[in-house]
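Take a look at the structure set out below.
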Amino acid sequence: MDLIVYYASWALLSCGAFLCAVGGLGILRLPDFYSRQHAAGITDTLGSAFVLIGLMLQSGFSLNAAKLVMILIFLILTSPVATHAIAQAARQSGLEPKVVAEEDEA
Amino acid sequence: MIHVVDMTLLAFLALVAIAITRMTNLFATSVLTGVYSLLMACIFTVLDAVDVAFTEAAVGAGISTVLFLATLSLTTQREKPQRSPNWKALCVALLTGGALVYGTFDMPHFGDPQAPVHQHVGPHYIGVSPTQIGVPNMVTSVLASYRGYDTLGETAVIFTACMAVLLLLQHEKRRDEQSAVEEKPDKEAMEHAMILRVQSKFFIPLILLFGLYVQFHGDFGPGGGFQAGVIFAAGIILYSLVNGLDKARQIIPPNVLHGLVAFGLLLYAGTGLASLFMDGNFLQYRALAEEATHGEHIGILLIELGVGITVATVMTSMFFSFSGRRRS
Amino acid sequence: MFIAAMIGVLITMLMALVRALSGPTVFDRILAVNMFGTKTVLFIAVLGFLSGRPEFLDLALVYVLINFIGTIAILKFVRFGKVETA
Numbered sequence: 054m055d056l057i058v059y060y061a062s063w064a065l066l067s068c069g070a071f072l073c074a075v076g077g078l079g080i081l082r083l084p085d086f087y088s089r090q091h092a093a094g095i096t097d098t099l100g101s102a103f104v105l106i107g108l109m110l111q112s113g114f115s116l117n118a119a120k121l122v123m124i125l126i127f128l129i130l131t132s133p134v135a136t137h138a139i140a141q142a143a144r145q146s147g148l149e150p151k152v153v154a155e156e157d158e159a
Numbered sequence: 010m011i012h013v014v015d016m017t018l019l020a021f022l023a024l025v026a027i028a029i030t031r032m033t034n035l036f037a038t039s040v041l042t043g044v045y046s047l048l049m050a051c052i053f054t055v056l057d058a059v060d061v062a063f064t065e066a067a068v069g070a071g072i073s074t075v076l077f078l079a080t081l082s083l084t085t086q087r088e089k090p091q092r093s094p095n096w097k098a099l100c101v102a103l104l105t106g107g108a109l110v111y112g113t114f115d116m117p118h119f120g121d122p123q124a125p126v127h128q129h130v131g132p133h134y135i136g137v138s139p140t141q142i143g144v145p146n147m148v149t150s151v152l153a154s155y156r157g158y159d160t161l162g163e164t165a166v167i168f169t170a171c172m173a174v175l176l177l178l179q180h181e182k183r184r185d186e187q188s189a190v191e192e193k194p195d196k197e198a199m200e201h202a203m204i205l206r207v208q209s210k211f212f213i214p215l216i217l218l219f220g221l222y223v224q225f226h227g228d229f230g231p232g233g234g235f236q237a238g239v240i241f242a243a244g245i246i247l248y249s250l251v252n253g254l255d256k257a258r259q260i261i262p263p264n265v266l267h268g269l270v271a272f273g274l275l276l277y278a279g280t281g282l283a284s285l286f287m288d289g290n291f292l293q294y295r296a297l298a299e300e301a302t303h304g305e306h307i308g309i310l311l312i313e314l315g316v317g318i319t320v321a322t323v324m325t326s327m328f329f330s331f332s333g334r335r336r337s
Numbered sequence: 581m582f583i584a585a586m587i588g589v590l591i592t593m594l595m596a597l598v599r600a601l602s603g604p605t606v607f608d609r610i611l612a613v614n615m616f617g618t619k620t621v622l623f624i625a626v627l628g629f630l631s632g633r634p635e636f637l638d639l640a641l642v643y644v645l646i647n648f649i650g651t652i653a654i655l656k657f658v659r660f661g662k663v664e665t666a
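Protein chains in written order, with our numbering: chain X, 54 to 159; chain Z, 10 to 337; chain A, 581 to 666.
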């Protein structure tokens with residue numbers, strides 16, 4: 054049982070770290086603000102959730118697990134709203150998304 | 010592994026510092042100072058100085074950035090271009106920096122157990138604090154009891170800073186007539202911000218509750234009056250950002266705010282005076298109760314409360330003063 | 581295992597930092613700083629477990645709050661404080 058928990062937490066931590074790194078790569082390489090927004094907002098929340106759940110499995114039933122649950126709840130509450138607020142502020146300030154001209158369907 | 014993490018963080022810090030000095034867009038630099046504070050907080054955590062990291066993140070990355078931006082909205086956003094590099098200033102800076110670096114060669118190595126700082130005062134406090142004060146967090150016991158007089162001075166400094174800001178940026182009474190005109194564009198924007206408003210209704214009570222937790226948990230873990238005050242102020246600032254400055258001013262009238270600023274400091278000094286009246290010295294908490302450690306606990310509780318009240322109301326009134334001005 | 585997570589978080593911090601330093605618009609920088617704050621939260625949590633002292637999770641909790649409030653404050657000032665968005 055302990056071994057399962059250990060491997061599950063290892064898998065979750067690696068997935069979480071990988072997702073965060075992918076998000077960082079996206080924010081660096083994507084061409085436009087709005088596409089970077091996608092990369093940052095999605096991977097932020099999900100990657101952090103994976104890492105925090107992996108840490109929770111490591112610490113069993115204790116005060117630390119309760120604090121990690123609180124951090125997870127706060128993160129899930131605030132990260133999507135912050136993403137939405139940034140995108141809305143950008144749109145209202147007139148930042149236009151980069152539109153690639155459509156090729157004719159030939 | 011910790012050394013690798015340490016060096017990576019210090020490299021990031023150097024990168025951000027160089028970028029701050031080279032950029033001319035002041036908005037970007039104030040946002041980057043927030044990043045700098047977050048990095049410093051990480052480094053403090055790696056060095057096991059958790060109370061300091063707590064305060065650094067709360068103040069540096071939160072309140073400081075907000076106040077910088079409030080100032081920027083009143084002034085220009087571009088740095089004035091320098092006409093020619095200032096060679097004299099560079100020489101003075103290099104000489105002073107070089108002298109300081111030369112001075113560090115004589116200091117003991119970092120973490121050396123034979124250093125004087127680890128020989129005299131440190132072991133004494135570590136040995137004596139559990140029995141004399143009985144509070145698990147030794148940072149709190151040193152801050153609040155053994156060096157309580159210094160902390161009184163720090164609180165007085167915060168109080169003085171608030172006085173200075175209020176004197177310089179006093180909210181004009183005439184704004185009440187202007188606010189009717191300015192409210193219309195704000196109303197439109199508030200409708201766009203509905204998601205934010207709904208979410209903050211759930212979130213702000215949690216923030217304030219967490220501030221109370223940090224305040225009273227400072228005896229057992231990282232926390233204490235300063236950090237709790239900043240978190241409390243951050244909750245009120247969030248309310249004011251989402252719902253408008255006028256509503257926040259209605260909920261917390263400025264008179265009450267200013268009164269509480271003074272009350273916090275008076276509570277702190279009053280505890281010292283109370284122990285004076287009860288046959289002790291100034292700020293000698295053991296005189297406050299029958300049993301010595303009980304008196305210490307009461308004393309620490311009261312002064313941390315005083316510090317928390319002062320810091321929270323100072324930060325809030327500074328934010329109200331800054332954002333109550335419009336560029337004329 | 582914690583080392584892998586720590587390396588991932590540090591790499592992401594570096595990439596967010598580069599975007600914050602070079603973002604052409606103001607909103608790129610705000611996005612990058614928001615991401616940097618979330619990664620700091622993860623950094624503190626993983627560091628606690630890495631060094632065997634996970635009692636410092638209060639710090640991570642505070643950073644989540646401060647990060648959010650900082651982002652909203654920056655956005656309000658950009659929107660209403662007439663900060664240039666170039």
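From the three backbone atoms N, C-alpha and C, an ideal C-beta is built for every residue, glycine too. On a predicted model such as this, the values are computed, not experimentally measured, just so you know.
Cβ distance (whole Å) where residue i is taken to contact residue j below 8 Å
| i | j | result |
| --- | --- | --- |
| R609(A) | V14(Z) | Not really, about 25 Å apart at Cβ, beyond 8 Å. |
| A79(Z) | F657(A) | 7 Å |
| D228(Z) | T319(Z) | Not really, about 19 Å apart at Cβ, beyond 8 Å. |
| L639(A) | A283(Z) | Going by Cβ atoms, the distance from L639(A) to A283(Z) rounds to 34 Å, so no, they are not a contact pair. |
| M10(Z) | I583(A) | 6 Å |
| V134(X) | L205(Z) | 6 Å |
| L274(Z) | A165(Z) | 6 Å |
| S132(X) | T96(X) | Contact flag wrong, Cβ pair sits at about 10 Å. |
| F291(Z) | G281(Z) | 5 Å |
| G588(A) | A74(X) | 5 Å |
Same chain, Cβ closer than 7 Å to residue i, five either side skipped, listed in chain order
| i | result |
| --- | --- |
| V75(Z) | I246 and F328 |
| Q111(X) | S62 |
| R599(A) | D608 and A612 |
| F103(X) | L65, C68, G69 and L72 |
| P84(X) | K151 |
| A92(X) | G76, G79, I80 and L83 |
| Q91(Z) | none |
| F36(Z) | L81 and Q86 |
| A278(Z) | L161 |
Within-7 Å CB hit, residue i to chain X
| i | result |
| --- | --- |
| Q86(Z) | no |
| L641(A) | yes |
| E186(Z) | Here E186(Z) scores only 47 on pLDDT, less than 50, and its place in the model is too uncertain to base an answer on. |
| A600(A) | no |
| Q208(Z) | yes |
| L205(Z) | yes |
| A23(Z) | no |
| G588(A) | yes |
Chain Z within 7 Å of residue i, Cβ atoms only
| i | result |
| --- | --- |
| H207(X) | What is shown of chain X runs 54 to 159, which leaves residue 207(X) out entirely. |
| A138(X) | yes |
| V104(X) | no |
| D620(A) | The sequence as given places Thr at residue 620(A); Asp does not occur at that position. So yes, T620(A) belongs to the interface. |
| F623(A) | yes |
Closer than 7 Å to chain A by CB, residue i
| i | result |
| --- | --- |
| L108(X) | yes |
| L250(Z) | yes |
| D55(X) | no |
| F53(Z) | no |
| S82(Z) | yes |
Which of helix, strand or coil DSSP assigns to residue i
| i | result |
| --- | --- |
| N34(Z) | strand |
| R338(Z) | The shown model of chain Z, from 10 to 337, leaves out residue 338(Z), and the question about it has no answer. |
| M89(X) | The amino acid occupying residue 89(X) in the given sequence is Arg; Met does not appear at that position. Correct three-state label for R89(X): helix. |
| R82(X) | helix |
| R156(Z) | coil |
Own chain partners of residue i with C-beta closer than 6 Å, once the 5 adjacent residues on each side are dropped
| i | result |
| --- | --- |
| G317(Z) | Q224, G234, A237 and G238 |
| F77(Z) | S39 |
| S249(Z) | A257 |
| Q90(X) | A140 |
| G232(Z) | V223 and H226 |
Same chain, Cβ closer than 8 Å to residue i, neighbours up to 5 away in sequence not counted
| i | result |
| --- | --- |
| F616(A) | M593, A596, L597 and A600 |
| V122(X) | M109 |
| G289(Z) | R295, A296 and L297 |
| M586(A) | F623, V626, L627 and L630 |
| I167(Z) | T319, V320 and V323 |
Query - Continuous alpha helix (DSSP H) assignments of at least 4 residues falling wholly in the segment 268-334 of chain Z - result: Listed in chain order, the alpha helix (DSSP H) elements of length 4 or more contained wholly in the segment 268-334 of chain Z are 301-332.
**Report entry** Residue ranges of each beta strand (DSSP E) within the segment 596-659 of chain A, 3 or longer
**Finding:** The segment 596-659 of chain A contains no whole beta strand (DSSP E) run of 3 or more residues.
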